[in-house]
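Residue numbers (our numbering): 7 to 161.
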């Protein structure tokens, strides 16, 4: 078992937690209930704050979408850590990944692996989770990926 903390793993990846994304509607970024943190769905934004748009794979490759799913995963970790009181208190339970995809697209799991791989890289075994990866005909603002997650708060 690794003695590295999630923060050390994050730093080793050259990453830092972004600010918790602020809602664009009548909802909250997360809710803590019964020892769990439930996150709202998040989509990718460029560093300048502009939403990323596109359909997979006709307007964006699987590899690009994987990178955006990884970016979303980082935002989900920041959000859940805010609710739990730190990364070390998180155990991923369930991920729902939605891909804005062409009708004949079949590789949704490859896209959502971007988020899942990041959770495991940062949280170790506590990053392993149950998951659904589904295709959608559209997502808000034509974003390519939206992901939400549930984390258990551990002591």
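Even glycine gets a Cβ: it sits at the ideal position worked out from N, Cα and C.
Remember, predicted model here, so these are calculated numbers, not experimental data.
Those residues which DSSP pairs with residue i across a bridge
i, result
"residue 57", "51"
"residue 142", "106"
"residue 69", "Partner(s): none; residue 69 has no beta bridge."
"residue 151", "105"
Beta carbon of residue i nearer than 7 Å to that of residue j
i, j, result
"residue 81", "residue 27", "yes"
"residue 72", "residue 117", "yes"
"residue 98", "residue 115", "no"
"residue 157", "residue 86", "yes"
Proximity test, residue i beta-carbon vs the ligand MN heavy atom, cut-off 6 Å
i, result
"residue 105", "In terms of ligand content, the structure shown is empty, and the ligand MN therefore cannot be addressed."
Between the CA atoms of residue j and residue i - distance to the nearest angstrom
i, j, result
"residue 134", "residue 56", "30 Å"
"residue 63", "residue 141", "12 Å"
"residue 47", "residue 53", "19 Å"
"residue 76", "residue 105", "13 Å"
"residue 36", "residue 111", "31 Å"
Anticipated Cβ contact below 8 Å, residue i with residue j, distance rounded
i, j, result
"residue 96", "residue 13", "Actually they are not in contact, since the Cβ atoms of residue 96 and residue 13 sit about 12 Å apart, beyond 8 Å."
"residue 160", "residue 50", "Going by Cβ atoms, the distance from residue 160 to residue 50 rounds to 28 Å, so no, they are not a contact pair."
Residue i in three-state terms, based on DSSP
i, result
"residue 19", "coil"
"residue 134", "coil"
"residue 159", "strand"
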